[in-house]
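Enquirer: Structure incoming, see below.
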């Protein structure tokens, strides 16, 4: 899904992905974790990817995992905007990557190949702790 780089786009993409995951039987707790991470990644694009007017959100099912990538068109710092020291405990911003790592798995940030911008990648298992594989989610072929 290609979106304008505006604050209004993040809730739209979060609701769209949440509705899709709900339709597949994903629990509300897991959907909330994905929505939080997606919101943080989108907020970072809106705030920092000044070189572009749009960004792209890609989401797919890979077995029992939801794989999400947020692709921006670049900014002054590229993927470096995600690096650096952890935010101080009372800071009002700068915790997006920490939150994404706390609520999802396999968080990676990399530069786009042959183009300006960064790709924020994260995954989330769709089976909660104690669930048997497939108990909560219908299998969807990776695509």
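In the UniProt record's numbering, the protein residues as written are 1 to 143. Backbone N, C-alpha and C fix where the C-beta goes; we use that ideal spot for every residue, glycine too. Note that the coordinates shown come from a computational prediction; the quantities given were computed from them, not determined experimentally.
#1: Measure the alpha-carbon distance for residue 26 versus residue 126 and round it to whole angstroms.
#2: Terminal residues of the continuous alpha helix (DSSP H) containing residue 19?
#3: Between which residues of its own chain and residue 39 is the CB-CB distance below 7 Å, once the five residues before and five after are set aside?
#4: At what residues does the beta strand (DSSP E) containing residue 3 begin and finish?
#5: Any heavy atom of the ligand NAP closer than 7 Å to the Cβ of residue 126?
#6: Using DSSP's beta-bridge definition, name the partner residues of residue 121.
#7: Pick from 124, 103, 119, 45: whose alpha carbon is nearest that of residue 110?
#8: I need the straight-line Cα distance from residue 78 to residue 20, nearest angstrom please.
#9: Does the Cβ-Cβ distance between residue 67 and residue 123 come in under 8 Å?
#10: On the three-state DSSP scale, how would you describe residue 116?
#11: Would you tell me roughly how many angstroms separate the C-alpha atoms of residue 1 and residue 41, rounded to the nearest one?
#12: Can you name the start and end residues of the beta strand (DSSP E) that residue 60 belongs to?
#13: Check whether the Cβ atoms of residue 57 and residue 3 lie closer than 8 Å to each other.
#14: Does the separation of the CB atoms of residue 73 and residue 49 fall below 8 Å?
Expert: Taking the geometry as given:
#1: As a position in the chain shown, residue 26 is number 26, starting the count at 1. As a position in the chain shown, residue 126 is number 126, starting the count at 1. When rounded, the distance between both Cα atoms is 6 Å.
#2: In the chain shown, residue 19 corresponds to position 19, counting from 1. Taken as a continuous stretch (DSSP letters only), the alpha helix (DSSP H) holding residue 19 covers 9 to 23.
#3: Reading the chain shown from its first residue, position 39 is the one you call residue 39. Only 10, 14 meet the Cβ criterion.
#4: Position 3 of the chain shown, counting from 1, holds the residue named residue 3. It spans 2 to 4 - the beta strand (DSSP E) in which residue 3 sits, taken as one unbroken run.
#5: Summarising the ligand content, the structure contains no ligands, and the ligand NAP is consequently not present.
#6: Taking the first residue of the chain shown as position 1, residue 121 is located at position 121. Answer is 69, 108, bridged to residue 121.
#7: Walking along the chain shown from the start, residue 110 turns up at place 110. Out of 124, 103, 119, 45, 119 has the C-alpha closest to the C-alpha of residue 110.
#8: Locating residue 78 in the chain shown gives position 78, where the first residue counts as 1. Locating residue 20 in the chain shown gives position 20, where the first residue counts as 1. For residue 78, the pLDDT reaches just 46, beneath the cut-off of 50, and the residue's location in the model is therefore unreliable, although a value from the coordinates is still provided. When rounded, the distance between both Cα atoms is 30 Å.
#9: Taking the chain shown and counting its residues from 1, one reaches residue 67 at position 67. Taking the chain shown and counting its residues from 1, one reaches residue 123 at position 123. If you check the CB distance, residue 67 and residue 123 come in under 8 Å.
#10: Here residue 116 refers to the residue found at position 116 of the chain shown. DSSP, reduced to helix, strand and coil, places residue 116 outside both helices and strands of the structure shown, so it counts as coil.
#11: Mapped onto the chain shown, residue 1 falls at position 1. Mapped onto the chain shown, residue 41 falls at position 41. Their Cα atoms are separated by approximately 14 Å.
#12: Sequence index remark: in the chain shown, residue 60 carries index 60 (1-based). Per DSSP, residue 60 belongs to the beta strand (DSSP E) from 54 to 62.
#13: Translated into positions along the chain shown, residue 57 becomes position 57. Translated into positions along the chain shown, residue 3 becomes position 3. Against a cut-off of 8 Å, the Cβ pair of residue 3 and residue 57 comes out as a contact.
#14: The residue given as residue 73 occupies position 73 in the chain shown. The residue given as residue 49 occupies position 49 in the chain shown. Contact flag set, yes.
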